[in-house]
Structures are given as C-alpha cells and as structure tokens.
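In the numbering used here, the protein residues as written are 20 to 149.
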Amino acid sequence: MPTPEKRCELVIIETSDLHGNVFPINYGNHQETNSGIAKIAQLINQVKQKYDYTFLIDNGDVIQGTPLTYHYAKFLHDKKNPMISILNSLDYDAAIIGNHEFNYGMGLLKKAVNESNFPWLSANILSEET
C-alpha cells in the first residue's frame with residue numbers, strides 16, 4: 020500500500036448529454052433550467068481550483084440538439100464548431116462519441132474531432148471502408 024506521502028486524489032468531472040445547450044434556458048418555452056455548459060462551467064472551474072488533479076470528460080451527445088448546433092451544422096459548418104470551442108476553452112481532457120454525434124454526418128463529426136484539443140474515445144464503431 021502506498022505511503023500517504025505518495026498518494027494523490029484524482030477527481031473525475033463528467034458531463035453528458037449536453038445536446039448543444041450553452042445557456043441554462045429551455046429554448047422552447049424560455050424557462051430557466053439547471054442545464055447548459057455556461058452554468059456547468061462555473062462548477063467545473065470551482066472543482067479544478069479546489070483539487071490538484073482532475074480529469075474532465077464528456078460522455079457524448081454534445082454537438083447537436085439546439086437551434087445553435089442546427090444553425091451551425093446547416094449554415095456555418097465551415098467555421099469552428101461552437102460546442103468544441105467551449106469544451107476546448109474549459110480544457111476537457113477527453114470526450115466520448117455519443118450516438119447523436121452522428122446526426123449531422125461523418126464529415127461534421129470528423130471536423131469536430133479534428134478541432135478538439137483532447138482525444139475522443141469510442142468502441143464498436145464500424146467503418147464501411149475497412
């Protein structure tokens with residue numbers, strides 16, 4: 020067993036099913052919600068300030084789901100992905116490819132992966148090319 024001097028505490032911070040939500044609002048009825056990466060970012064930053072060792076991961080379904088992500092995918096896909104820019108600014112350590120990452124096609128997913136400052140993890144994805 021390691022001595023107390025050699026131990027460290029790793030805090031894992033995870034987000035999941037962000038679905039393109041930036042602000043804590045329901046876009047359908049304009050009611051405030053407890054979701055949105057802007058609100059979650061405050062908690063992420065608090066945990067990162069409190070602990071020396073953190074690992075920040077998103078568990079998938081991040082790049083689609085709101086008018087923002089739809090507008091980006093349909094009209095601004097030659098620009099940087101807004102959700103990836105946010106995850107990069109929060110220094111995510113990794114992300115997992117969720118089923119909704121495929122909603123706008125492989126081209127947009129590959130572009131998101133290439134824009135990321137972190138690795139994307141996945142298993143059981145079959146490429147028809149192989």
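Just so you know, even glycine gets a beta-carbon here, dropped at the ideal spot from N, CA and C.
Small disclaimer: the values here were computed from a predicted structure and weren't measured.
- Contact annotation, residue 66 with residue 56: C-beta distance approximately 15 Å; criterion of less than 8 Å not satisfied.
- Contact between residue 63 and residue 109 holds: CB atoms are separated by about 6 Å, below the 8 Å threshold.
- Residues 39, 82 and 102 of the same chain have their beta carbon placed closer than 7 Å to that of residue 88, with the five preceding and five following residues left out of the count.
- Taking C-beta atoms as the reference points, residue 77 and residue 120 fail to come closer than 8 Å.
- Judged by their CB atoms, residue 43 and residue 52 are nearer to each other than the 8 Å cut-off.
- The beta-carbon separation of residue 85 and residue 46, rounded to 6 Å, stays under the 8 Å limit for a contact.
- For the pair residue 100 and residue 134, the CB atoms are nearer than the 8 Å cut-off.
- Shown here for residue 139: same chain residues with a beta carbon closer than 6 Å to its own, the five before and five after excluded, namely 114, 116 and 132 in chain order.
- If the five residues before and after residue 127 are omitted, its C-beta is found closer than 7 Å to the C-beta atoms of 92 and 96, all from its own chain and listed in chain order.
- Residues of the same chain with a CB within less than 7 Å of the CB of residue 112, apart from the 5 flanking positions on each side, are 74, 75, 76 and 137 in chain order.
- In the DSSP secondary-structure assignment, residue 75 is bridged to 32.
- The three-state secondary structure of residue 95, taken from DSSP, is coil.
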